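Order-wise, the sequence lines are chains A and B.
If you want the numbering used here, it's the position in the first sequence, counting the first as 1, plus 20.
If you want the numbering used here, it's the position in the second sequence, counting the first as 1, plus 1495.
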Amino acid sequence: MTAQPAPVAETGYPWPIETTRLDNGLRVVVSEDHTAPVVGVNLWYDVGSRHEPAGQTGFAHLFEHLMFEGSQHVAKTEHMRYVQGAGGSLNATTNPDRTNYFETLPAEHLELALWLEADRMGGLVPALTQETLDNQREVVKNERRQRYDNVPYGDAWLRLLPLLYPAGHPYHHATIGSMEDLNAAGLDTFKAFHARYYAPNNAVLTVVGDVVAGEVVALAEKYFGSIEPVADIPPAPAGHLGGPATSPASEVVYGNVPAPRVYLSHRTHPFGTAGYDAITVLATVLGSGRGSRLYQRLADGARIAQPDFIGSYGVDLAHAAAPLIITATAKDGVDIATLTTGVAEVVASMRSEPVTEAELGRAKALLTTSWWRQVSTVAGRADTLSRYATQFGDPASAAYRLPQWQAVTAGDIAEAARTLNAESRVTLTYLPSEGGTE
Amino acid sequence: MSLVPTRPEPGQARPYSFPEIRRVRLAGGQIVAAHLPGQLLASATLLLDGGAARETIGREGTAGVLAKSLEEGTSARDSAAYALALEGLGAELTTSVDWDSFRVGVSVPVGLLPGAVTLMAEAARTPRLDPADVARVRDDEATALRMDWAQPGPRADAALRADLFGAGERYGRPLNGDPVSMAAVTVEDVAAFHDAWLKRPGVLLVAGDLDKLDLQELAAAAFANTSGSAPAAEGPLDVPVAAARRVLLVDRPGSVQSTLRLGHRAPERAHPGYVPISLAATVLGGAFTSRLNHLIREVKGYTYGIRADFAMARRFGRFGVSSSVQTAVTTPALVDTVGEITRTQLDGVTEEELAVARTWRAGSLSVDMQTPSSIAGALATLVIHGLPDDYYPTLRTKLLETTAEEVSAAAATHLHPGGLTLVVEGDAAVIRDELVASKIGEVVDAEV
């Protein structure tokens, strides 16, 4: 049996999309789908850690926590109770680019979600107290310990960013921020942060599921319409970079890790560009799945890398050249030099050995499945539409991503691979320290 | 105009329905399928009665090595050709082993499902299992497990499990084995496990647009090269509870957090009290607004999160609480946690708390089951625990109708704060004295 190509999609978004802008600037996106009695509500605020000045790292993320602690008409702890009490699930995330808030509920609770989101967009500041700030600062510090500090290799992302982006660049520091900056955070700073960025004209509201578009727009007007826009929202510092890095950077970390591991990383292109589409397909050919070059050559072939810990992926950042990250972990008895050389050779092969039709077909088929999986839930669909509305001005442009991946050629990948050279490479290495766990 | 001050009332509730289920015997095996009209993706899972409970003591991890070895080539093609064929369809083999089942699954655009199921069955039924490949996979799995065990959590989980179920029993050993047992797995163990459990037909679970799928075709692919019948089911275990609380201390020098794993034994999944028992856990530590998360995270700021649940398998269950707390507050966090469990056991739950728990759980049945994979998972629950086709609609009704008295009674009967095992994995030199002084239980060093 030969591999059959996955069907080529004309569109990655075969559902209706309606977009409106309220007078206060809030963009409202609705996508109806009546197959299940659920609704996904999603808000993207165009503020992330890239907006944070020096000395205030981690503020955007800590602020995300504060948004769950009550607002003008919602007492502390009631936000979660109302949503879960309605049968819903909810969460929020912060990354360098943006902050998103989302909930999925049985469809009859749509209004509840809109009321809660409007109240914390328009009425957070009166409810913000020192006690809440102090408590959530501790929660965030515990999040940092649990996710980054207490886990082998857990701080790799925190170490890669300053190697990839120069000081002063909006992506130079990690979203979780530093303990010192978090400790110094004062209540007034957070009130000012909300007043500056949590404005209707700095947000996109997307509603997907068992709803009627016209009714959603009317409800959006009812709940959000009174919130005043903010003039002159300050932009993030410019993310312009004069092309790829011109000299390599590296760091070696000796720590309590069970095996040597290497990360190779490059700045590539911003998410949403043709160059980044080529990088996305390249990363899949190179390091996604058992049929990838890294797996076939280093885990299966030379057997110098652990099969569960090898791969490559792009981090989908849109406001500057986004990183491609390639990682491998040594098998027992393999030294770090052998591993690093092996990974570098496979990366170089992306330039020197043309990608075959079978490799390309495999990568596109995997990306096709992952795309449909991402939009298989109302929450995934809502987040996708919010992203494209926020970052590219039109939610309907989400439909193009999948066809654009499918249009990437071997030549595009060869071109993209030219930037993955040793001169522009960041190398982060972890080595077990003396006396560390084996 | 200003913000709307009052919380809106819900609209008209949409009727709940679980997808239509079809059970058919075809090609010598059983298919259980859920019809998802219009769904672009489809999912298929081969559910085999070859869970971790079938492994030999001391060789825990055998099923996991077999799962990884399935992709090391088949009777028809080598591993590279297999990866290219399967991933060329956009599919990746999902394998999982739990106490009761061995699962192999694929999820793809619906038109590609027949090809993906054919390849899935080829791997499950006719793997090459070349001794050199199996030995290498075993070594890789042992290394991966060592990597995993370097993180906080697995050692604490193992200490709790051994204490609750006995280190000499399979249920008292880690689900996926430990680095030592994994390294002890032999090529013969793996081949014998495949012969015993993966050659029986099992059940094929299908979730997708059945108007676009031919179940006969899928069954013919899934059940080719099979023989034998399902093994007889064994009954549930007893639920012994310890006479006194104990603290098991697992040393992790230099740890900036302490990992907490508290637990005791509990009934099996098919127990008639499942709904009130699990609702009690939801109030105590299931929802974000639960008693434990409210006190330990939101009021005290000790942790990023804490949860309590009843994990229930076919023959046994366990009540458990898990969290990671900063080292300096290990003892107060533990005291507060035991306090909330005790309060729940003694005083039960309030109607207000239960209202949130029951509507959340009922609503989750819609919210959590949007994808073919999640529907296939729900079908697996029906098959493993012998539940009827109307189980989910009935479960929803029961969740909404269970009273505070019933949930309080379940908490009183099935929570045992006095018999808890309290595992603490952290920097023993820093936390030991305060743990001892708290008198929360005898402090014992755990050998993990």
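Every residue, glycine too, gets a C-beta built ideally from N, C-alpha and C.
Being a predicted model, the structure only gives us computed values, none of them experimental.
- [ ] Using three-state DSSP, classify residue 456/A as helix, strand or coil.
- [x] For the purposes of this step, residue 456/A is taken as the residue at position 436 of the first sequence. Only weak support exists for where residue 456/A lies, its pLDDT of 41 falling under 50; the value from the coordinates is given anyway. Here residue 456/A sits in coil by DSSP.
Open item on the list: How far does the beta strand (DSSP E) with residue 1807/B in it extend, from its first residue to its last?
Closed with: Working through the second sequence from its first residue, we reach residue 1807/B at position 312. Start and end: 1798–1807.
Task: Three-way DSSP call (helix, strand, coil) for residue 1671/B in this model - done: Here residue 1671/B refers to the residue found at position 176 of the second sequence. Coil, per DSSP.
Open item on the list: I'd like to confirm the pairing. Which residues does DSSP put opposite residue 1941/B in its beta bridges?
Closed with: Counted from its first residue, the second sequence places residue 1941/B at position 446. Answer by DSSP bridge pairing: none, since residue 1941/B is not bridged.
- [ ] Count the other C-beta atoms from every protein chain shown that fall within 10 angstroms of the C-beta of residue 1626/B, then say buried if there are 16 or more, exposed otherwise.
- [x] On the second sequence, residue 1626/B is found 131 positions in, with the first residue counted as 1. The residue in question, residue 1626/B, is exposed, as its Cβ has fewer than 16 Cβ neighbours within 10 Å.
Open item on the list: I'd like to know whether the C-beta atoms of residue 1639/B and residue 326/A end up nearer to each other than 9 Å.
Closed with: Walking along the second sequence from the start, residue 1639/B turns up at place 144. Walking along the first sequence from the start, residue 326/A turns up at place 306. Yes, Cβ-Cβ distance for residue 1639/B and residue 326/A is below 9 Å.
TODO: Starting from residue 126/A, follow its DSSP beta bridges and name the residues at the other end.
DONE: By one-based count along the first sequence, residue 126/A stands at place 106. Beta-bridge pairing links residue 126/A to 58/A.
Task: CB contact flag (residue 11/A, residue 230/A, <9 Å) - done: Absent from the model: residue 11/A. The displayed extent of chain A is 21 to 458, so no value can be given.
- [ ] Select from 259/A, 294/A, 380/A and 307/A the residue whose C-alpha is nearest the C-alpha of residue 340/A.
- [x] As a first step, residue 340/A is located in the first sequence; it is residue number 320 there, counting from the start. Ranking the options by Cα distance to residue 340/A, first place goes to 259/A.
TODO: On the DSSP bridge assignment, give the partners of residue 450/A in chain order.
DONE: As a first step, residue 450/A must be located in the first sequence, where it is residue number 430. DSSP output for residue 450/A lists 273/A and 281/A as bridge partner(s).
- [ ] Please name the residues in the segment 368–389 of chain A whose beta-carbon is closer than 7 Å to at least one beta-carbon of chain B, in chain order.
- [x] 378, 381, 382, 385, 386, 388 and 389
TODO: Ignore the nearest five residues each way along the sequence and tell me which others in residue 305/A's own chain have a CB closer than 8 Å to its CB.
DONE: Counted from its first residue, the first sequence places residue 305/A at position 285. 312, 313, 370, 375, 379, 380, 382, 383 and 433.
Task: Those residues which DSSP pairs with residue 1818/B across a bridge - done: As a first step, residue 1818/B is located in the second sequence; it is residue number 323 there, counting from the start. Paired residue(s): 1755/B and 1801/B.
TODO: Note down the Cα distance separating residue 156/A from residue 1800/B, rounded to an integer number of angstroms.
DONE: By one-based count along the first sequence, residue 156/A stands at place 136. By one-based count along the second sequence, residue 1800/B stands at place 305. Straight-line Cα distance between these residues: approximately 12 Å.
Task: Enclosing beta strand (DSSP E) for residue 38/A [first to last residue] - done: As a working note, residue 38/A is residue 18 in the first sequence. Residue 38/A -> beta strand (DSSP E) spans 38–41.
Task: Neighbour-count burial assignment, residue 54/A, 16 or more Cβ in a 10 Å radius - done: On the first sequence, residue 54/A is found 34 positions in, with the first residue counted as 1. Classification of residue 54/A: exposed, given that the 10 Å Cβ count is below 16.
Open item on the list: Give me the subset of the segment 1854–1876 of chain B whose CB atoms are less than 7 Å from a CB atom of chain A, sorted by chain position.
Closed with: 1854, 1855, 1857, 1858, 1859, 1861, 1862, 1865 and 1866
- [ ] Examine chain B for any beta-carbon lying closer than 9 Å to the beta-carbon of residue 131/A, and answer yes or no.
- [x] Here residue 131/A corresponds to residue number 111 of the first sequence, with the count starting at 1. Taking Cβ atoms only, chain B reaches closer than 9 Å to residue 131/A, which makes this a yes.
Open item on the list: Can you check which of these residues, 1597/B, 1577/B and 1571/B, is closest to residue 1559/B by C-alpha distance?
Closed with: On the second sequence, position 64 is the one that residue 1559/B refers to. Checking every option, the nearest Cα to that of residue 1559/B belongs to 1597/B.
Task: Contacting residues, own chain, Cβ-Cβ under 6 Å from residue 441/A (five flanking each side not counted) - done: Looking up residue 441/A in the first sequence gives position 421. Result list for residue 441/A: empty, nothing under 6 Å.
Open item on the list: According to DSSP, residue 185/A sits in a beta bridge with which residue or residues?
Closed with: On the first sequence, residue 185/A is found 165 positions in, with the first residue counted as 1. For residue 185/A, which the question treats as bridged, DSSP gives no partner whatsoever.
Task: Touching by the beta-carbon criterion (3+ pairs, under 8 Å), the segment 1728–1741 of chain B and the segment 1897–1905 of chain B - done: no
- [ ] Tell me, please, which residues DSSP counts as bridged to residue 1746/B.
- [x] Locating residue 1746/B in the second sequence gives position 251, where the first residue counts as 1. Bridge partners of residue 1746/B: 1921/B.
Open item on the list: Quick check on residue 424/A - is its C-beta less than 9 Å from some C-beta in chain B?
Closed with: As a first step, residue 424/A is located in the first sequence; it is residue number 404 there, counting from the start. For residue 424/A, the answer is no, since every Cβ of chain B falls outside 9 Å of its Cβ.
TODO: Output, in chain order, the set of chain B residues within a Cβ distance shorter than 7 Å of residue 165/A.
DONE: Locating residue 165/A in the first sequence gives position 145, counting from the first residue. By Cβ distance, chain B contributes 1751, 1752 and 1821.
Open item on the list: What are the residues in the segment 1588–1619 of chain B lying within 8 Å of chain A by C-beta distance?
Closed with: 1602, 1603, 1604, 1606, 1607, 1610, 1613 and 1614
- [ ] Please name the residue in 349/A, 301/A, 80/A and 41/A whose C-alpha comes closest to that of residue 424/A.
- [x] As a position in the first sequence, residue 424/A is number 404, starting the count at 1. That would be 301/A, whose Cα lies nearest to the Cα of residue 424/A.
Open item on the list: Does residue 270/A pass the burial test, meaning 16 or more other C-beta atoms within 10 Å, or should it be called exposed?
Closed with: Here residue 270/A is taken as the residue at index 250 of the first sequence, counted from 1. Per the 10 Å Cβ criterion, exposed.
TODO: Tell me, to the nearest whole angstrom, how far the beta carbon of residue 1929/B is from that of residue 1826/B; I am working on the premise that it is less than 8 Å.
DONE: As a working note, residue 1929/B is residue 434 in the second sequence. As a working note, residue 1826/B is residue 331 in the second sequence. The Cβ separation is near 4 Å, so the contact holds.
TODO: With a cut-off of 8 Å on the beta carbons, I'd call residue 354/A and residue 324/A a contact; round off their distance for me.
DONE: Residue 354/A sits at position 334 when you count from the first residue of the first sequence. Residue 324/A sits at position 304 when you count from the first residue of the first sequence. Rounded, the Cβ-Cβ distance is 5 Å, consistent with contact.
TODO: Give the DSSP bridge partners of residue 1541/B, in chain order.
DONE: Taking the second sequence and counting its residues from 1, the one referred to as residue 1541/B is at position 46. Answer is 1599/B and 1699/B, bridged to residue 1541/B.
Open item on the list: Strictly below 7 Å CB to CB, what residues from chain A border residue 1507/B?
Closed with: What you label residue 1507/B is simply residue 12 of the second sequence in a count that begins at 1. Correct list: 128.
Task: Environment of residue 1916/B [buried if 16+ CB atoms lie within 10 Å] - done: Here residue 1916/B refers to the residue found at position 421 when the second sequence is read from its first residue. Per the 10 Å Cβ criterion, buried.
Task: Check whether residue 1713/B and residue 1609/B have beta carbons under 9 Å apart - done: The residue given as residue 1713/B occupies position 218 in the second sequence. The residue given as residue 1609/B occupies position 114 in the second sequence. Contact: yes.
TODO: Quick one: using the 10 Å Cβ neighbour count with 16 as the cut-off for buried, is residue 1841/B buried or exposed?
DONE: Reading the second sequence from its first residue, position 346 is the one you call residue 1841/B. Residue 1841/B comes out exposed.
- [ ] Please go through the same chain and pick out, in chain order, the residues whose beta-carbon is closer than 7 Å to the beta-carbon of residue 428/A, but skip the five residues on each side of it.
- [x] Within the first sequence, numbered from 1, the residue matching residue 428/A stands at position 408. Within the same chain, residue 428/A has close Cβ partners 297, 298 and 301.
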